[in-house]
Amino acid sequence: WAKQQKSHYYQFYRTDMPVVSSDEIVLETWLRYALERQEFEVYYQPQKQLKSGKIIGAEALIRWCHPEQGYISPSQFIPLAEETGLIVPIGEWILRTVCQQARVWQQGGLPSIRIAVNLSSVQFNQPHLTRTIAQVLSETELAPNCLELELTETALMQDTETAVRVLKELKALGLCIAIDDFGTGYSSLSYLKQLPIDMLKIDNCFVRGVTADTKNIAILTAVIQMAHDLELSVIAEGVETPHELDFLIANDCDMVQGNFVSPPLAEPDMQKLLRSQ
Ligand code: C2E
Ligand code: MG
Ligand code: MG
Ligand code: MG
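Its first residue numbered 293, the sequence shown is counted upward by one per residue in UniProt numbering.
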């Protein structure tokens, strides 16, 4: 798509910028305006509890529909939003939107679920993070235990002492903390002893084709066992087939999320799903 934008290229060029691709410059400019132009939307991917068969949670995933370019993947723009600091206002918008939405569902009599919000390391390192979250919860009147934060190992390992302190503050608010993409980051297992966390999210890559892949079988069963011994819940993400699901049920995984259960849903569809439950 950058090629189609060539005519706009020069107006975005800044001499103080390091060498970056024109794609990135164009994307950054669009990103700066996306919030005020209301181009973002939150999708919700249901999370199913295996022992009850019920949807008890959902992960909030940002979606960006650019008026001319159409859908742009978060894997493409989140890293840029982090680099530019735009992730802070964008992240706050997501948090507020999600908390408001969860409250609206509850007030509409729908079963109460817990919504997981991805938090980037840049947000995690903001000095006012706890205060901002407390403020959003009180504005929206959402019970703190309906909100979960997903952090990656890499975000937590940058400065473990600070991470412990901030996580304790967040836990004191009553939030739930999950480690996202567990097993893929740069980390040491000793943080599992130190950090006050509630849940491990096993990354897609260990779930993929688990029934045929003996190494993934070993990793999945060991992680589930370890999580339970540490009194943590465990959710597998990216479940795509009935075989993967059966394996996770047989091996006592607590929850699953993935296209086999449901793809991420726009709000009206998520509401329908909750209503049918
Ligand atoms: P993540 O947090 O690990 O999110 C899971 C990703 O897996 C999502 O991609 C989801 O759509 C995708 N997924 C769900 N089910 C399946 C499946 O069955 N198979 C496969 N192959 N994929 C599945 P998405 O929405 O493109 O998001 C990508 C990443 O972007 C997220 O990874 C997260 O790191 C980041 N992200 C998304 N939304 C937000 C947000 O609101 N804030 C922040 N800070 N990061 C976000
Ligand atoms: Mg996530
Ligand atoms: Mg993940
Ligand atoms: Mg992942």
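In this text, a Cβ means the ideal position worked out from N, Cα and C, and glycines have one as well.
Cβ-Cβ distances below 6 Å link Cys468 to Glu440, Asp490 in the same chain, with the five nearest sequence neighbours on each side left out; the list follows chain order. Rounded to the nearest whole angstrom, the C-alpha separation of Val526 and Ala435 is 22 Å. Proximity of the beta carbon of Leu411 to ligand 1 is indicated: a heavy atom of the ligand is located closer than 7 Å. Ranked by how close their Cα comes to the Cα of Phe539, the residues Ser480, Lys493, Ala504, Thr446 have Ala504 in first place.
Secondary structure note for Glu433: it is in no beta strand (DSSP E), with a DSSP letter that is neither H nor E.
Inclusion of Leu522 and Pro403 in the CB contact set at 8 Å is not warranted, their separation being larger than that value. Of the candidates Met449, Ile516, Ile364, Leu459, Ile364 places its Cα closest to the Cα of Leu323.
With a cutoff of 7 Å, Asp495 does not count as near ligand 2, since its C-beta is closer than that to no heavy atom of the ligand.
Taking Gln415 as reference, the option from Gln392, Leu378, Glu532 with the minimal CA-CA separation is Leu378. Under the DSSP assignment, Arg388 falls in the alpha helix (DSSP H) whose first and last residues are 379 to 399. Gln549 and Ile347 have their C-alpha atoms roughly 10 Å apart.
Relative to the Cα of Ala447, the nearest Cα in the group Val456, Gln418, Ser412, Ala464 belongs to Ser412.
Listed in chain order, the non-local C-beta contacts of Leu487 below 7 Å within the same chain comprise Leu448, Ala455, Val456, Leu459, local neighbours out to five positions each way being set aside. The beta carbon of Gln341 is closer than 6 Å to those of Ile348, Met547 in its chain, skipping five residues each way along the sequence. 8 Å or more divides the Cβ of Thr422 from the Cβ of Val334. Between Leu327 and Thr432, the alpha-carbon positions lie close to 20 Å from each other.
As a beta-bridge residue in DSSP terms, Phe474 pairs with Ile494. Secondary structure note for Val334: its beta strand (DSSP E) is the uninterrupted segment 332 to 341. Beyond the five residues adjoining it in sequence on each side, Thr533 comes within less than 7 Å, by CB distance, of Phe552 in the same chain, given in chain order.
In the structure shown, Val318 adopts helical secondary structure according to DSSP, grouped into three states. For Ile516 against Asn543, the beta-carbon gap comes to about 6 Å, under 8 Å, which counts as contact. Under the three-state reduction of DSSP output, Leu441 falls in the strand class. Residue pairing of Tyr363 in beta bridges, as defined by DSSP: Cys357. Taking every protein chain shown into account, the CB of Pro556 has 16 or more other CB atoms within 10 angstroms, so this residue is buried.
Per DSSP, Ile511 is not a residue of any beta strand (DSSP E); the alpha helix (DSSP H) it occupies stretches across 506 to 521. By the neighbour-count definition (other C-beta atoms within 10 Å, threshold 16), Pro338 is a buried residue. The beta carbons of Ile509 and Lys493 sit no closer together than 8 Å.
Rounded to the nearest whole angstrom, the C-alpha separation of Ser480 and Asp451 is 13 Å.
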